[in-house]
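Numbering (our numbering), first residue to last: 3 to 251.
Glycine included, C-beta positions come from ideal geometry on N, C-alpha and C.
In this text the structure is predicted, and so the values were computed from the model without any measurement.
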């Protein structure tokens, strides 16, 4: 019996496995900051009223005049994103021209408009999945508008110019949703006011992702502004197709 016990003890000891140290899994490393640059061209027409002093003109240009209305444009958005937080900026400069008429049709009026617009904002993703994101945003919109009037009544001509600069607060939403690995929808909707009575901005587009860095988009954008100060009134709607590219870093 003693011999049996003596041989059994080592066998039993061999079956005992030392407890393993608990494995602590490291939290997945964050992706850090990502940056997006998106140059675009907005082929915009304009419609509405412009008034300066006693001079007033109404415009209602159609799609057939899109290219003739747009004299020059430089536009783009930049976004820096970390997790759910992002800093967003949209900058555009447009030089537009259109023909119109005075309220009673007595004068033929040509109006040129130069628009410098900058919209910085901060955003937070309230929805963020592998398919896309929905962000709420808040920021400001700087407007600088230079308007020139050229009115003609028979042999008489009249030229006037006026520049106005102001800042509005804006809030809104923006987002993106992937339909497939390559095709996605994106857009934004913003509204605000302050120095102006009201301004709004809506964009919708469809995009194609070539790879992780480069994409192309095409869509439609419409924007309205109702501003009045002193004898200057600028009540316009700008709208038209948008094409652009996206570069991610």
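Cβ-based burial, residue 27 [other Cβ within 10 Å; buried from 16]
Note that residue 27 scores a pLDDT of 41, beneath 50, so its modelled location is shaky; the value from the coordinates is reported in the next line. Answer is exposed; the Cβ neighbour count stays below 16.
Are the Cβ atoms of residue 216 and residue 250 separated by less than 9 Å?
yes
Determine the extent of the beta strand (DSSP E) in which residue 193 is found, giving its start and end residues.
185-196
Of the residues 219, 90, 112 and 243, which one's Cα is nearest the Cα of residue 185?
219
Just to confirm before moving on: does the CB-CB distance between residue 79 and residue 98 stay below 9 Å?
no
Grouping DSSP H, G and I as helix and E and B as strand, with all else coil, what is residue 71?
helix
Tell me which same chain residues have a C-beta within less than 6 Å of the C-beta of residue 127, skipping the five on either side of it?
86, 135 and 137
Counting pairs of Cβ atoms below 8 Å between the segment 189-204 and the segment 226-236, do you hit three or more?
yes
Give a yes or no on whether the C-beta atoms belonging to residue 146 and residue 162 are separated by under 9 Å.
no
Can you list, in chain order, the residues of its chain whose CB lies under 7 Å from that of residue 207, leaving out five sequence neighbours each side?
188, 189, 219, 220, 221 and 244
My guess is that residue 139 and residue 174 are in contact by the Cβ rule of under 8 Å, so how many angstroms apart are they, rounded?
6 Å
Look up residue 132 in the DSSP assignment and say whether it is helix, strand or coil.
coil
Do you know how far the Cα of residue 46 is from the Cα of residue 75?
10 Å
Hey, could you find the ends of the beta strand (DSSP E) residue 207 is sitting in?
200-211
Skipping 5 residues on each side, what residues in its chain have a beta carbon closer than 6 Å to that of residue 95?
76 and 118
In the DSSP assignment, the beta strand (DSSP E) including residue 246 goes from what residue to what residue?
234-250
Counting along the chain, where does the beta strand (DSSP E) carrying residue 57 start and finish?
57-62
Opposite residue 93 in the DSSP bridges: which residues?
78 and 120
Separation of residue 167 from residue 55, as counted between CA atoms
17 Å
Where residue 183 and residue 125 are concerned, what is the direct C-alpha to C-alpha distance, given to the nearest angstrom?
25 Å
Helix, strand or coil for residue 99, going by three-state DSSP, please let me know.
strand
Buried or exposed: residue 88, going by 16 or more other Cβ atoms within 10 Å of its Cβ?
buried
Pull up the distance between the alpha-carbon of residue 274 and that of residue 204, whole angstroms please.
Outside the displayed span of the chain (3 to 251) sits residue 274, for which this structure offers no information.
Nearest by alpha-carbon distance to residue 49: which of 224, 247 and 246 is it?
224
Which residue's Cα is closest to the Cα of residue 143: 239, 152 and 93?
93
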